[in-house]
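Everything below concerns the one structure shown next.
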Amino acid sequence: MFASFRSTLALAATLVFPVASGVALAQQQASLRPIRISGSSTVYPIVQAGINAFRQTAASKGVGVSLKETGSSAGFRDLCSGRVEISNASRPINSKELKACADRGIRFIEVPLAFDALSVVVHRGNSWANTISPQQLSLLWNRNAQGRINNWNQLNPAWPKRPIKLCGPGNDSGTFDYFNKVINGDEDNSRRDYTASEDDNVVVNCVAKDPQALGYLGYGWFRSNAGRLKALAVLNPKGKAVQPSVQTVLQSKYQPLSRVLFIYVNDQALNERPEVRNLTSFLVANAPSLATKANYIPFADSTIRLL
């Protein structure tokens with residue numbers, strides 16, 4: 010049904026595509042249909058940087074690209090209904106989405122692009138919270154916390170008795186799914202009484218404007234706003250407080266909030282539309298530099314070759 014190149018934290022991977030021939034480039038016409046991309050706002054900065062760089066190449070002549078931030082779940086719906094050629098995702102496709110694609114006869118390639126360190130952030134002026142555990146995060150964010158866990162001191166008695174302003178991704182976000190799966194045991198297990206958005210700019214501003222705020226988002230969004238936000242160290246399974254960083258992810262120390270970021274490419278479009286293959290090839294070939302530019306974490310040297 011689909012060709013899958015699975016990546017884990019133990020095996021970093023990229024894909025290598027053949028270079029497009031001059032004949033293939035010559036076949037591209039100004040009337041080409043735009044390449045449609047939707048999905049994760051976490052992956053968005055990497056792909057946007059890639060599109061900007063691709064537009065400086067000869068292969069981009071006459072090629073239009075439409076890129077939308079809709080959240081990973083919405084991106085998969087678009088992919089499996091044929092509305093887009095590429096879906097950005099901050100989590101792997103799930104079984105329901107696999108079935109939706111199969112039911113529509115949609116085949117795809119899963120392409121890992123970079124690592125992410127999902128970051129728990131507070132206001133820059135927060136002086137009391139520096140480290141948080143997965144257990145505290147679950148106490149705060151699981152569905153049973155709604156209306157019950159509202160103050161900082163309920164997480165740690167040494168913290169002030171002040172209301173917590175919660176900010177985070179909406180339920181169409183892959184970040185929402187991933188966080189709740191690893192922290193609360195189920196991707197749907199979340200309280201709903203918080204400021205939610207699939208747009209990470211909204212989450213950034215929500216936390217940055219309120220001294221009592223706490224939220225979670227992708228590492229690139231934290232790094233791009235490090236002057237406004239503070240990232241908390243997270244206790245890993247060994248009981249060590251670990252800050253999100255390139256080094257701690259590559260050393261597998263930032264657990265359980267390290268993850269892989271993907272694009273999913275419609276297989277028919279990849280094989281029948283040279284411009285889709287050229288853009289995908291460009292994104293893969295330049296993934297390390299694009300990840301770094303977008304403040305994410307590039308893979309190590311292992312390579313998966315698309316045949």
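If you want the working numbering, it's the position in the sequence shown, counting the first as 1, plus 9. C-beta: ideal position from N, C-alpha, C; glycine also. Source: prediction; values computed, not measured.
Contact set for residue i: own chain, Cβ-Cβ below 6 Å, skip 5 residues either direction
| i | result |
| --- | --- |
| residue 181 | 80, 82, 83, 207 |
| residue 202 | 155 |
| residue 299 | 55, 58, 59 |
| residue 265 | 191 |
| residue 77 | 47 |
| residue 285 | 44, 94, 278, 279 |
| residue 15 | Note that residue 15 has pLDDT 37, beneath the 50 cutoff, so the model's placement of it is unreliable and no number is given. |
| residue 248 | none |
Cutoff 8 Å; reference residue i; Cβ partners in own chain excluding five residues on either side
| i | result |
| --- | --- |
| residue 242 | 139, 140, 141, 250, 251, 252 |
| residue 229 | 51, 54, 55, 125, 303, 304, 305 |
| residue 170 | 160, 161, 162 |
Residue i versus residue j: straight-line alpha-carbon distance, rounded
| i | j | result |
| --- | --- | --- |
| residue 288 | residue 294 | 10 Å |
| residue 192 | residue 109 | 27 Å |
| residue 279 | residue 217 | 41 Å |
| residue 119 | residue 238 | 32 Å |
| residue 262 | residue 197 | 26 Å |
| residue 87 | residue 292 | 20 Å |
| residue 157 | residue 164 | 12 Å |
| residue 121 | residue 42 | 25 Å |
| residue 309 | residue 166 | 42 Å |
| residue 63 | residue 236 | 30 Å |
| residue 301 | residue 61 | 15 Å |
| residue 246 | residue 189 | 17 Å |
| residue 215 | residue 209 | 10 Å |
| residue 75 | residue 117 | 19 Å |
Sub-9 Å separation of residue i and residue j beta-carbons
| i | j | result |
| --- | --- | --- |
| residue 55 | residue 72 | no |
| residue 150 | residue 177 | yes |
| residue 126 | residue 233 | no |
| residue 226 | residue 66 | no |
| residue 269 | residue 101 | yes |
| residue 124 | residue 273 | no |
| residue 186 | residue 103 | yes |
| residue 204 | residue 212 | yes |
Terminal residues of the alpha helix (DSSP H) in which residue i lies
| i | result |
| --- | --- |
| residue 112 | 104-112 |
| residue 81 | 81-89 |
| residue 154 | Careful: residue 154 lies outside any alpha helix (DSSP H) and carries neither H nor E. |
| residue 278 | 276-281 |
| residue 298 | 296-302 |
| residue 255 | 255-259 |
| residue 183 | 183-193 |
| residue 74 | Residue 74 -> not in any alpha helix (DSSP H); beta strand (DSSP E) instead, spanning 74-78. |
| residue 97 | Taken as a continuous stretch (DSSP letters only), residue 97 belongs to no alpha helix (DSSP H), being part of the beta strand (DSSP E) at 95-98. |
| residue 60 | 53-63 |
Residues near residue i in its chain [Cβ-Cβ closer than 7 Å; skip 5 each side]
| i | result |
| --- | --- |
| residue 219 | 132, 174 |
| residue 91 | 113, 115 |
| residue 49 | 80, 81, 84, 97, 98, 99, 183 |
| residue 281 | none |
| residue 40 | Below a pLDDT of 50, predicted positions are generally treated as unreliable, and residue 40, at 44, falls in that range; no measurement from the model is reported. |
| residue 172 | 159, 160, 221 |
| residue 89 | 106, 109, 110, 113, 115 |
| residue 258 | 124, 126, 267, 306 |
| residue 152 | 198, 199, 200 |
| residue 260 | none |
Proximity to residue i [Cα-Cα], best of the options
| i | options | result |
| --- | --- | --- |
| residue 85 | 75, 77, 76, 96 | 96 |
| residue 168 | 258, 135, 257 | 135 |
| residue 276 | 111, 223, 122 | 111 |
| residue 129 | 170, 103, 147, 122 | 147 |
| residue 200 | 309, 159, 235 | 159 |
| residue 145 | 244, 240, 121 | 244 |
| residue 223 | 161, 152, 121 | 161 |
| residue 256 | 235, 267, 248 | 267 |
| residue 240 | 248, 231, 246 | 231 |
| residue 68 | 283, 246, 75 | 283 |
| residue 271 | 296, 62, 210, 309 | 296 |
Range covered by the beta strand (DSSP E) that runs through residue i
| i | result |
| --- | --- |
| residue 240 | 238-240 |
| residue 227 | Run containing residue 227: none; DSSP gives neither H nor E here. |
| residue 125 | 117-126 |
| residue 177 | 174-177 |
| residue 42 | Per DSSP, residue 42 belongs to no beta strand (DSSP E) and is neither H nor E. |
Cutoff 9 Å: residue i Cβ touching any chain C Cβ
| i | result |
| --- | --- |
| residue 113 | Checking the listed chains, one finds no chain C in this structure; it contains a single protein chain. |
beta-carbon residue i near the ligand GDP non-hydrogen atom, thresh 8 Å
| i | result |
| --- | --- |
| residue 110 | Here there are no bound small molecules, and the ligand GDP is not part of this structure. |
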